[in-house]
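Novice: Numbers 7 to 131, taken from the numbering used here, label the letters of the sequence shown in order. Cβ atoms here follow ideal geometry from the backbone N, Cα and C, with glycine treated the same way.
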Amino acid sequence: MRIGAVGLAVGVGLVGCTAPSGGGDGSGDGGPMPGTVELALRGTAFVPRDVVVSVGDTVVWTNFDQVSHTVTSDEPGDLGTLLDSDTLGAGDRYEFTFNQAGEFVYFCESHPQVPAMVGATVTVE
Ligand SMILES: [Cu+2]
Numbered sequence: 007m008r009i010g011a012v013g014l015a016v017g018v019g020l021v022g023c024t025a026p027s028g029g030g031d032g033s034g035d036g037g038p039m040p041g042t043v044e045l046a047l048r049g050t051a052f053v054p055r056d057v058v059v060s061v062g063d064t065v066v067w068t069n070f071d072q073v074s075h076t077v078t079s080d081e082p083g084d085l086g087t088l089l090d091s092d093t094l095g096a097g098d099r100y101e102f103t104f105n106q107a108g109e110f111v112y113f114c115e116s117h118p119q120v121p122a123m124v125g126a127t128v129t130v131e
């Protein structure tokens with residue numbers, strides 16, 4: 007499975023592997039190809055909060071709120087560096103390509119006291 011089932015109903019899209027195959031010449035059978043997983047910053051929350059992606063996938067966060075958010079590794083007070091977005095205003099996007107397996111925890115520096123904005127995870131497998 008390429009994406010965790012957690013958020014399939016709330017806006018995760020897998021872009022890049024969903025093209026119609028009608029005109030293809032069998033080019034899609036060479037194993038999993040890197041995809042793009044879209045996440046949202048919406049309602050002062052990461053939507054979905056936890057996702058599972060494949061090594062090589064790019065995760066894109068888009069801020070649909072009017073307030074600013076960040077995508078920042080680890081927990082408040084323990085600032086990591088893997089995910090380290092600028093402040094994302096309305097409509098801004100941040101993307102990161104995960105080239106190593108593991109579980110990556112992140113939060114929003116603007117809202118460290120909002121439960122929905124801390125402890126979010128990207129699991130790469
Ligand atoms: Cu925030």
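What would DSSP say about ALA107, mapped onto helix, strand or coil?
Specialist: In this structure, ALA107 counts as coil in the three-state DSSP scheme.
Novice: Should PRO54 go down as buried or exposed, given a rule of 16 or more other Cβ atoms within 10 Å for buried?
Specialist: Flag for PRO54 reads buried.
Novice: Does DSSP put ALA122 in a helix, a strand or coil?
Specialist: Residue state, collapsed to three classes: helix.
Novice: If you drop the 5 nearest sequence neighbours on each side, which residues of the same chain put their C-beta closer than 8 Å to that of GLY108?
Specialist: Correct list, in chain order: THR129, VAL130.
Novice: Would you report the Cα separation of THR76 and VAL124, rounded to the nearest angstrom?
Specialist: Cα to Cα, THR76 sits roughly 11 Å from VAL124.
Novice: Below 8 Å on the Cβ atoms is my guess for THR87 versus PHE110; work out the distance and round it to an integer in Å.
Specialist: No, THR87 and PHE110 are not in contact; Cβ-Cβ is about 11 Å, not under 8 Å.
Novice: Once you ignore the five residues that flank SER79 on each side, which residues in its own chain have a CB closer than 6 Å to its CB?
Specialist: Around SER79: GLY86, LEU88, LEU89, TYR112.
Novice: What whole-angstrom Cβ distance do ALA122 and ALA51 have, given they're in contact under 8 Å?
Specialist: Contact holds; Cβ gap of about 4 Å.
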